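Single-structure report; data block below.
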Amino acid sequence: MLPWAVLWDMDGTLVDTAELHFAAWRECCNQQGRDFTEADFQATFGRRNPEILRFLLGDHLTDEEVARLGEAKEQIYRTQSRKTGIELLPGARKLLVAARDHGAVQAIGSSAPRGNLDMILELTGIGEFFTCTVGMEDTTRGKPDPQVFLIGAQRLHVPPQRCVVMEDAVAGIQAATAGGMQSVAVRHVGHHPAEALKAAGASLVVECLTELDGPNLVSLVLH
30 MLPWAVLWDM DGTLVDTAEL HFAAWRECCN QQGRDFTEAD FQATFGRRNP
80 EILRFLLGDH LTDEEVARLG EAKEQIYRTQ SRKTGIELLP GARKLLVAAR
130 DHGAVQAIGS SAPRGNLDMI LELTGIGEFF TCTVGMEDTT RGKPDPQVFL
180 IGAQRLHVPP QRCVVMEDAV AGIQAATAGG MQSVAVRHVG HHPAEALKAA
230 GASLVVECLT ELDGPNLVSL VLH
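Residue numbers (the working numbering): 30 to 252.
Okay, structure coming up:
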């Protein structure tokens, strides 16, 4: 079989860190005299911190202010994450093993900063499955732009049409579609309706990773 790849989003796909991120964003915004609502959270799923901060606080922010505020938010998030711990979503480890056993090379393609990705890989013990990770610092454009996944495919030396993206967010599915990749939308965390994920171009929508196995993923690249 020709080389193929699985590109994984992290937050909401492999792990559920939504409450931790929400609390960190709320604290960060409150420090700036702004409320942070569930609507704000939903509007910024899958986006990079620079885009999120300018969406929340305004385009007047300098790059230095964006970097400072973004790092402050992530420090809040990482501190609380290490206190509470982070667990993989149901079926995640089994599917990582199955993809590897069926010949896939795998990578992380996330809007999150590298410090967050490294922490989650450490806390969950899944670093062995990934040839590379692509995070916020590796990109200049956030999802729904396909840049993060195209960089991942390039680093894995696999053409986009041989890649399957695992995502939970509409913006991430749109990025996979724009990059010419197949995609699986996972609704376990449940922030996006199935109809919206299908409309974004998802090849397959599942409620939980436990519904999938290696042959399911192989079939997407052999379609």
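Quick reminder that beta carbons are idealized off the backbone N, C-alpha and C, glycines included.
Predicted model only: the values in this text are computed from it and were never measured.
Contact with chain D by residue i, beta-carbon distance below 8 Å
i: glutamine 190; result: Given the protein chain composition of this structure (a single chain), no chain D is represented.
CB of residue i within 8 Å of CB of residue j, strictly
i: threonine 42; j: aspartate 242; result: no
i: leucine 179; j: proline 188; result: no
i: leucine 146; j: glycine 171; result: no
i: alanine 207; j: proline 175; result: yes
i: glutamine 238; j: leucine 124; result: Residue identity differs from the one stated: residue 238 is leucine in this sequence, not glutamine. Cβ atoms of leucine 238 and leucine 124: closer than 8 Å.
i: alanine 200; j: arginine 76; result: yes
i: isoleucine 202; j: threonine 162; result: no
i: asparagine 78; j: proline 142; result: yes
i: leucine 49; j: glutamine 109; result: yes
i: glycine 144; j: arginine 107; result: yes
i: leucine 246; j: alanine 52; result: no
Under the three-state DSSP convention, the category residue i falls into
i: leucine 5; result: There is simply no residue 5 to check, as the chain begins at 30 and stops at 252 in what is shown.
i: isoleucine 137; result: strand
i: threonine 153; result: helix
i: glutamate 116; result: coil
i: glutamate 240; result: helix
i: threonine 162; result: strand
i: valine 234; result: strand
i: glutamine 61; result: coil
i: alanine 34; result: strand
Buried or exposed (CB count within 10 angstroms, at least 16 for buried), residue i
i: lysine 112; result: exposed
i: glutamate 103; result: buried
i: aspartate 40; result: buried
i: phenylalanine 84; result: exposed
i: proline 173; result: buried
i: valine 273; result: The requested residue 273 is not part of the displayed model; the chain covers only 30 to 252.
i: threonine 168; result: buried
i: proline 222; result: exposed
i: alanine 68; result: exposed
i: glycine 255; result: For the chain, the structure presents residues 30 to 252; residue 255 sits outside this window and is missing.
Spatial distance of residue i from residue j (CA atoms)
i: histidine 220; j: glutamine 71; result: 7 Å
i: glycine 99; j: methionine 30; result: 43 Å
i: leucine 249; j: alanine 101; result: 40 Å
i: alanine 133; j: threonine 160; result: 10 Å
i: leucine 90; j: alanine 121; result: 38 Å
i: threonine 46; j: isoleucine 105; result: 13 Å
i: aspartate 88; j: histidine 131; result: 46 Å
Notebook entry, point to check: Any chance the region 232-241 sits against the region 211-224, with 3 or more Cβ pairs inside 8 Å?
Noted result: Contact between the region 232-241 and the region 211-224 is present, because at least three Cβ pairs lie under 8 Å.
Checklist line | Touch test, the region 182-194 against the region 34-49, Cβ-Cβ under 8 Å, three pairs minimum | finding: For the pair of segments examined, the region 182-194 was found to touch the region 34-49: the number of CB pairs separated by less than 8 Å reaches three.
Subject >> the region 138-153 touching the region 113-122, judged by at least three CB pairs closer than 8 Å >> reply: Touching, per the Cβ criterion.
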